[in-house]
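**Student:**
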Amino acid sequence: MRTLFKVFLLIIFSSLGLNAQEQNITSYLKMVEAGNIKEASDALINLKNKFPNDPSVKFLDAVVTEDGNKANQLYLEIFEQYPKSNYADASLYRIFSFYYSDGIYKKAEEYKNLLLKNYPSSPYVKAANRKLPDEEISENESVVQELTESPVKEISGIKDFNYTIQAGAFLNINNAQNLKSRFESDGYYSNIFPKDIGGSILNVVSVGRFSEITEAENFLSKLSTLYKIEGRIIPNNN
Numbered sequence: 284m285r286t287l288f289k290v291f292l293l294i295i296f297s298s299l300g301l302n303a304q305e306q307n308i309t310s311y312l313k314m315v316e317a318g319n320i321k322e323a324s325d326a327l328i329n330l331k332n333k334f335p336n337d338p339s340v341k342f343l344d345a346v347v348t349e350d351g352n353k354a355n356q357l358y359l360e361i362f363e364q365y366p367k368s369n370y371a372d373a374s375l376y377r378i379f380s381f382y383y384s385d386g387i388y389k390k391a392e393e394y395k396n397l398l399l400k401n402y403p404s405s406p407y408v409k410a411a412n413r414k415l416p417d418e419e420i421s422e423n424e425s426v427v428q429e430l431t432e433s434p435v436k437e438i439s440g441i442k443d444f445n446y447t448i449q450a451g452a453f454l455n456i457n458n459a460q461n462l463k464s465r466f467e468s469d470g471y472y473s474n475i476f477p478k479d480i481g482g483s484i485l486n487v488v489s490v491g492r493f494s495e496i497t498e499a500e501n502f503l504s505k506l507s508t509l510y511k512i513e514g515r516i517i518p519n520n521n
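Per this note's numbering: the sequence shown ends with 521, consecutive numbering throughout.
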């Protein structure tokens with residue numbers, strides 16, 4: 284996942300020369316990736332006061348905004364009002380990823396086409412240029428919820444849990460589903476959830492539900508032995 288983030292940073296670096304007058308927010312994006320969202324948000328307050336109309340600052344604002352709909356409005360504003368800005372193509376890709384992750388494929392297709400039409404040379408084109416499913420999920424039903432509905436034997440028989448294990452992160456939802464299916468076929472609970480990483484939304488696969496950290500540590504070792512996967516324990520934030 285770190286390698287993927289470096290790739291997206293390289294994408295960002297490659298576009299900075301287009302609009303040198305824009306603020307360089309790369310260091311703040313690195314803060315977000317490192318989990319220092321509050322630090323980036325605090326810095327954003329000062330940036331918004333000094334540069335309220337800077338599209339790069341607006342992009343950072345969208346990245347740290349927890350409300351997905353509000354973030355989408357900011358991304359759309361960047362594309363519509365600052366089409367030549369450093370982050371116009373990244374903004375379109377984020378809107379596409381938002382709708383794709385929610386299973387709203389017609390909307391996702393609309394923004395994918397805008398990306399292809401307006402920024403055909405963008406590095407994000409390759410990531411977005413995928414075949415979308417024919418069946419659309421309603422806007423009130425998350426694709427992540429759909430992926431977790433199949434009944435599976437759980438590692439721990441609890442519904443309220445404190446820890447799980449992050450086993451992988453993929454741009455391609457099909458790769459994430461394949462790994463999830465492997466775990467489920469072996470009788471383990473698995474889940475997929477989206478995570479923003481440096482301008483893209485990755486599909487993160489988790490496995491297991493544990494009440495105690497020691498349970499998670501024991502399975503982490505088993506994960507490495509059976510699946511050759513180096514996972515990491517993460518808290519349950521639901």
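From the three backbone atoms N, C-alpha and C, an ideal C-beta is built for every residue, glycine too.
Between residue 515 and the rest of its own chain, which residues show a CB-CB distance below 6 Å, the 5 nearest in sequence each way excluded?
**Tutor:** Walking along the sequence shown from the start, residue 515 turns up at place 232. Closer than 6 Å at the Cβ level, and outside the excluded window around residue 515, lie 449.
**Student:** Considering only C-alpha positions, which residue in the set 487, 446, 445 and 444 is nearest to residue 522?
**Tutor:** Past the edges of the chain, shown from 284 to 521, lies residue 522, and the structure says nothing about it.
**Student:** Does the Cβ-Cβ distance between residue 356 and residue 330 come in under 9 Å?
**Tutor:** Here residue 356 corresponds to residue number 73 of the sequence shown, with the count starting at 1. Here residue 330 corresponds to residue number 47 of the sequence shown, with the count starting at 1. Contact flag unset, no.
**Student:** Would you mind working out which of 350, 369 and 352 sits nearest residue 340, comparing C-alpha positions?
**Tutor:** In the sequence shown, counting from the first residue as 1, residue 340 sits at position 57. Shortest Cα-Cα distance from residue 340 to any of 350, 369 and 352 involves 369.
**Student:** Just to confirm the assignment, what range does the beta strand (DSSP E) spanning residue 516 have?
**Tutor:** The sequence position of residue 516 within the sequence shown is 233, counting from 1. Residue 516 -> beta strand (DSSP E) spans 515–518.
**Student:** Around the C-beta of residue 316, are 16 or more other C-beta atoms found within 10 angstroms, so that it is buried, or is it exposed?
**Tutor:** Your numbering for residue 316 matches position 33 in the sequence shown. Using a 10 angstroms sphere on the CB of residue 316, the tally of other CB atoms reaches 16 or more, which defines it as buried.
**Student:** Could you please give the first and the last residue of the uninterrupted beta strand (DSSP E) stretch that includes residue 317?
**Tutor:** Mapped onto the sequence shown, residue 317 falls at position 34. Counting along the chain, residue 317 falls outside any beta strand (DSSP E), and DSSP gives it neither H nor E.
**Student:** According to the neighbour-count rule (16 or more other Cβ atoms, all chains shown, within 10 Å of its Cβ), is residue 497 buried or exposed?
**Tutor:** Locating residue 497 in the sequence shown gives position 214, where the first residue counts as 1. Exposed, because fewer than 16 other Cβ atoms sit within 10 Å of the Cβ of residue 497.
**Student:** For residue 493, which three-state DSSP category applies?
**Tutor:** The residue you call residue 493 lines up with position 210 of the sequence shown. Here residue 493 carries a strand assignment [DSSP, helix/strand/coil].
**Student:** Distance, Cα to Cα, residue 440 vs residue 502?
**Tutor:** By one-based count along the sequence shown, residue 440 stands at place 157. By one-based count along the sequence shown, residue 502 stands at place 219. Residue placement at residue 440 is flagged as unreliable, the pLDDT there being 48, under the threshold of 50; the coordinate-derived value follows with that caveat. Approximately 15 Å, taken between the alpha carbons.
**Student:** For the putative contact between residue 447 and residue 489, defined by C-beta atoms under 8 Å, what is the C-beta separation to the nearest angstrom?
**Tutor:** Here residue 447 refers to the residue found at position 164 when the sequence shown is read from its first residue. Here residue 489 refers to the residue found at position 206 when the sequence shown is read from its first residue. So it is a contact: roughly 4 Å between Cβ atoms.
**Student:** Would you mind stating whether residue 410 and residue 377 have Cβ atoms separated by less than 9 Å?
**Tutor:** Numbered from its first residue, the sequence shown carries residue 410 at position 127. Numbered from its first residue, the sequence shown carries residue 377 at position 94. Not closer than 9 Å, so no.
**Student:** Among 509, 495 and 390, which one has its Cα closest to the Cα of residue 518?
**Tutor:** Position 235 of the sequence shown, counting from 1, holds the residue named residue 518. The residue with the shortest Cα to Cα distance from residue 518 is 495.
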